[in-house]
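First residue of the sequence shown? That's 139 in my numbering, and the numbers climb one at a time after it. Every residue gets a Cβ at the ideal spot worked out from N, C-alpha and C, and that includes glycine. Just so you know, these numbers come straight off a predicted model, no measurement behind them.
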Amino acid sequence: MTTDMNSAVDRGFGRVKWLKLLGDILTLKTDAFVRFRDHVDGMRYAIGLLIVVSLIAGSLSFLWQAVRNPAADMQSVRDTFDQVLAQMQNAGGIPAGGLSLVREQFESVMGIVEGIVGLPTPLPQPISHFLEALGQWLSSPFARLGAWLSYGIWVLLLARLLLGAKGSLRDFLATTPLYSVPQLFTILALVPCLGSLLGIVATVWGWLIYTKATAVSLGWVQQRVGADGLVIGEETQWGRALVAVFLPAILLFVLIFLAALVIIMLTALSSNGGR
């Protein structure tokens with residue numbers, strides 16, 4: 139080809155500018171997804187990127203969990219409970235005896251929790267607490283990997299059976315892990331208000347990237363190439379890709395709804411039969 143963008147060398151990862159590549163992924167540029175899809179090591183790099191992103195996103199939470207004091211968490215729970223109880227008391231309508239009973243039950247549960255937290259451990263409490271936080275942090279990418287793989291298999295299967303998708307499993311697994319890139323923003327999840335907003339933005343953005351990756355991997359992006367080999371335009375079948383991405387979730391919801399409906403009907407029939 140006549141340009142670096144279209145060359146096989148540029149589509150590899152040897153001299154890739156990762157910040158630019160991450161920006162291209164976030165802006166849904168097809169060439170970024172094609173790089174992972176077409177390269178022989180694309181799936182390895184994509185899964186590696188998912189793992190690295192998960193670790194970076196959870197790094198501040200890990201540090202916070204490692205240094206936080208469990209006693210302070212218990213006190214925070216107590217303070218929240220006291221606020222709720224005060225609001226209930228001010229609202230009226232609840233006898234003082236009822237509120238007293240609620241407080242007694244709460245203190246009983248908190249006593250059990252504090253007893254469990256205070257149980258002796260083989261290692262000193264601070265070290266044990268640090269290792270627990272470290273284990274949760276290091277295992278978080280694998281939980282994300284499991285969720286991505288288990289859901290993705292159903293997306294690909296239903297897309298091939300119902301939507302006529304032609305992409306391979308390897309292409310699909312080499313592109314869809316890129317959905318994790320927006321999770322980098324959730325490194326600030328501990329910031330009040332901002333953390334929740336960033337979490338919502340990252341989730342929606344991640345689904346958009348997942349949909350784009352699905353379209354690229356399953357052959358639903360057509361690129362128009364000029365006489366000089368340059369890509370001069372493209373068309374993404376967003377409708378089919380969106381259906382493919384959300385079809386497993388929709389079917390699961392329908393199955394749960396039908397199962398609940400059957401249970402309700404059987405319960406009603408059993409109740410009527412017992413009269």
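Handout entry: V359 - containing alpha helix (DSSP H), residue span
Key = Counting along the chain, V359 falls outside any alpha helix (DSSP H), though it belongs to the beta strand (DSSP E) covering 359-363.
Exercise for the section: Look at R182 and S355 and say whether their C-beta atoms are less than 8 Å apart. Expected result: no
Handout entry: Option in A303, K304, W343, F219 with minimal Cα separation from T165
Key = W343
Practice task
Note down the Cα distance separating L157 from L346, rounded to an integer number of angstroms.
Solution key: 19 Å
Handout entry: Where T374 falls: helix, strand or coil (DSSP)
Key = strand
Exercise for the section: Sort L269, W376, L399, V359 by Cα distance to V172 and report the nearest one. Expected result: V359
Exercise for the section: Give every residue of the same chain whose Cβ lies closer than 6 Å to the Cβ of F268, excluding the five residues on either side of it in the sequence, and list them in chain order. Expected result: A204
Handout entry: Segment contact, 8 Å Cβ cut-off, at least three pairs: the region 278-286 with the region 211-219
Key = no
Practice task
Look at the alpha carbon of S197 and the alpha carbon of W275, and state the distance between them as a whole number of angstroms.
Solution key: 7 Å
Problem - Buried or exposed by the 16-neighbour rule on C-beta atoms within 10 Å, applied to S238 - result: exposed
Handout entry: Spatially closest choice to I163 from V363, H177, T374, Y317, by CA coordinates
Key = Y317
Problem - Close-in-space but distant-in-sequence residues of the same chain around P320 (CB under 6 Å, 5 per side omitted) - result: A340, W343, G344
Handout entry: Cβ-based burial, L294 [other Cβ within 10 Å; buried from 16]
Key = buried
Problem - Three-state class that DSSP yields for S192 in the structure shown - result: helix
Practice task
Pull up the distance between the alpha-carbon of A365 and that of L296, whole angstroms please.
Solution key: 37 Å
Exercise for the section: Given a cut-off of 8 Å, decide if S199 and L332 are closer than it, judged by their beta-carbon atoms. Expected result: no
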